[in-house]
Amino acid sequence: MRYLKQKELDLASRYLFLSMAITVIRQDRKHMEQGKFKIKEPYMELLGKMELEARQERRKLRKQMDQMKLQVVESGRNDSFTSFLFLAHGYEEKRNYFNPAIRKKVENILFELMKKSQQSVPHGYQQPQTLDGSGLPE
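Residues in the sequence shown are numbered consecutively from 442, following this note's numbering.
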């Protein structure tokens, strides 16, 4: 039986997958630091901005969840599925997610964060211009 309202489920799911995306970003930053890249700084800056965006959004989601007395916790996993327990209104609702679907959701959030973080251009950086001044390749 379904106890969660759609809005509550959407909110808790976004929080859950955003938290996973933050974990992925942090792991990627470690790999980047230890990697053999010639120029790491642009990638590290991008990952840093992505993490900042994600953490700010997650903080807002957490606040909304606290106001709604809503929680989500992992309750188990196997090779194919991961189970989460959504707690609200004194009820528990268990939901199973197919692991490749979780990966896809997190990947989509990463793309979203990447786009958001690229909208703010670093200080002192100027967009490369072509001969015609358009910024587009000729």
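Virtual Cβ for every residue (Gly too), placed ideally from N, Cα, C. Since the structure is predicted, the reported quantities are computational estimates derived from the model, not experimental observations.
In the structure shown, the three-state DSSP call for S521 is coil.
Taken through DSSP and simplified to helix, strand or coil, Y484 comes out as helix. Residue burial annotation: Y456 is buried, with at least 16 other C-beta atoms found within 10 angstroms of its C-beta. Residue range Q447 to Q475 is occupied by the alpha helix (DSSP H) that includes F458, with no beta strand (DSSP E) assigned at that position. Here the alpha carbon of Y484 sits roughly 35 Å from the alpha carbon of F527.
Looking at the backbone, the Cα of E449 and that of K501 are separated by about 14 Å.
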